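>
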Amino acid sequence: MKKDLDRSALQQRVVQELSKALPPHALLWRSEDTVPYECDGLTAYRERPLVVALPEDEAQVAAVLKTCHGLGVPVVARGAGTGLSGGALPHAGGVTLALAKFKKIVSIDPLARTARVQCGVRNAAISEAAAVHGLYYAPDPSSQIACTIGGNVAENAGGVHCLKYGLTLHNVLAVRGFTVEGEPVEFGSGALDAPGLDLLSVIVGSEGMLAVTTEVLVKLTPKPRLARCIMASFGDLRHAGAAVANIIAAGIIPAGLEMLDKPMTAAVEDFVHAGYDLEAEAILLCESDGTPEEVQEEVARMLEVLTRSGATRCEVSSDEAQRLRFWSGRKNAFPASGRISPDYMCMDSTIPRKQLGAILEAIQVMQAKYGLRCANVFHAGDGNLHPLILFDAADPDQLRRCEEFGAEILETSVALGGTVTGEHGVGVEKLSSMCVQFSTEEREQMLALKRAFDPQSGLNPGKVIPTLQRCAEYGRMHVSRGLLAHPELERF
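So, in structure tokens, the structure goes:
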């Protein structure tokens, strides 16, 4: 009861102070109004924020941050809420700073091939606005029709064409925002280089822990004259994984190189009817773009490598409609999985390309171990995995097994020479797995960077960087459950 009274008193005080900076309609605190903000795309974890603030301009953002900093109240910035690692999970005693109203495309410069946009602009909306100039914004996460550029910056989002055109980091020139104290700050520059330290590379992918982004200057890319996509079928996972490595080894950098295993192929084909081969154990989508002459030559080279690598069938898109159908299956993998399971947890790790077959076979063994299904879809070209573990969140035991399944996938990825995340971020989902990949000393350096920007940990606290205590607890659990051995956890 006392805890409820303390929360209520704090809530009243925060609302009272924020009311001096925001109009009544821009503040939400009643339970029925804050429910939509209790989680992001990682729905297994939920928390009600103390207050939701919906500022309409930068002056209001600064005022919210200054007020919360003065009160000692944490702030969690939120975009469209499509993140998959719990990065926008609210703080129970904090303010969720919802930036959905920042949806203006400030300017497009077709000569410089740049666009200046507010943080709440949808990823796909940038390309839609730039299309008249023959340009587009290259990073294309599967959620691009909904996700916002501010969230893309926070998570360093990628997409199916990131192999050739890069992640968010490679397509952003400058970021404007505010510090935890509400002071304006800018990173990067519209020029080829910016003076001083390269803090743009620090802010992109920082998951809202260092500053709040309000405006972004992005690069625009000329639309290719032609694109063709190959759908290649394989009778086993090892051959499919080897084909990916062989394509890159041949000096070919496809515009897109994606893999789906048989369970995922079946799920998406039933959903969008993309024309996938349902008999294949795995399919690869390999795209070439450029001039017609370049595409013709590259497609021929990829077909040769795919055939030599054991492809049982190859089909090249005959027109733009068929190419888009091939990609519609990949782009709709997540909603398709939602049709075959009450819940799913999408993991995100990265491994060396040569280990693709090994990790997929390991995941098959884990399915039997944990008694849960797993469908796989991922950016094969850069080794970024997206296993979708299917479970029922209403069953606590299934949720526990799902978490352990996911943790073992991440640990196996590290053991194979990879990392615990590729583009979804750490958030709360991979907090314990950070104990596996990084030493105590490395994590302390990360905390030192966090403290340099945010000494009192007022921005998105309790995420990304685990405490020593958490790692100790994870180490003990690790041993008791007989998971993979890892040197960093042995001392616990």
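Our numbering puts the first residue of the sequence shown at 11, with every later residue one more than the last. Every residue, glycine too, gets a C-beta built ideally from N, C-alpha and C. In this text the structure is predicted, and so the values were computed from the model without any measurement.
(1) Would you check whether the ligand FAD has a heavy atom nearer than 8 Å to the C-beta of Ala260?
(2) Using alpha carbons as the reference points, say which of Ile258, Tyr484, Thr124 and Ile240 lies closest to Asp329.
(3) If we count the other Cβ atoms within 10 Å of its Cβ and call it buried at 16 or more, is Arg486 buried or exposed?
(4) Between Ala372 and Met274, what straight-line distance do the alpha-carbon atoms span, to the nearest angstrom?
(5) Mind checking whether Ala72 and Phe188 have CB atoms under 9 Å apart?
(6) Answer yes or no: do His101 and Pro471 have a C-beta to C-beta separation smaller than 9 Å?
(7) Apart from the five residues just before and just after Gln26, which ones in its own chain have a Cβ nearer than 7 Å to its Cβ?
(8) Is it buried or exposed for Thr77, if we count other Cβ within 10 angstroms and need 16 for buried?
(9) Quick one: residues in its chain with C-beta nearer than 8 Å to the C-beta of Asn166, no 5 flanking neighbours on either side, listed in chain order?
(10) State buried or exposed for Val375, treating a residue as buried only when at least 16 other CB atoms are found within 10 Å of its CB.
(11) With a threshold of 16 other CB atoms inside 10 Å of the CB of Ser29, please say whether the residue is buried or exposed.
(12) Quickly, what does DSSP pair Met444 with across the bridge? List them, please.
(13) Considering only their Cβ atoms, is the gap separating Leu75 from Val2 smaller than 9 Å?
(14) If I follow the unbroken beta strand (DSSP E) through Leu295, where does it start and stop?
(15) Rounded to the nearest angstrom, how far is the Cβ of Ala164 from that of Glu217, given a contact under 8 Å?
(16) Taking Lys460 as part of the alpha helix (DSSP H), name the residues at either end of that continuous run.
(17) Indicate the three-state DSSP secondary structure (helix, strand or coil) for Asp50 in the structure shown.
(18) Which stretch, first to last residue, makes up the alpha helix (DSSP H) that contains Arg410?
(19) Nearest by alpha-carbon distance to Ser443: which of Ala277, Ile419 and Phe401 is it?
(20) When you compare the region 47-66 with the region 89-104, are there three or more beta-carbon pairs, one atom per stretch, that lie closer than 8 Å?
(21) Any idea if His35 is buried or exposed, counting beta-carbon neighbours within 10 angstroms, 16 or more meaning buried?
(22) Please report how far the alpha carbon of Gln128 lies from the alpha carbon of Thr106, in whole angstroms.
Judging by the given coordinates:
(1) No copy of the ligand FAD appears in this structure; indeed no ligand is present at all.
(2) Ile240
(3) exposed
(4) 17 Å
(5) yes
(6) yes
(7) none
(8) buried
(9) Leu177, Thr178, Leu179, Val214, Gly215, Glu433 and Gly435
(10) exposed
(11) exposed
(12) DSSP output for Met444 lists no bridge partner at all.
(13) Nothing about residue 2 can be read from this structure; the chain reaches only from 11 to 502.
(14) Ala292 to Gly300
(15) 5 Å
(16) Thr450 to Phe463
(17) coil
(18) Pro406 to Ala425
(19) Ile419
(20) yes
(21) exposed
(22) 18 Å
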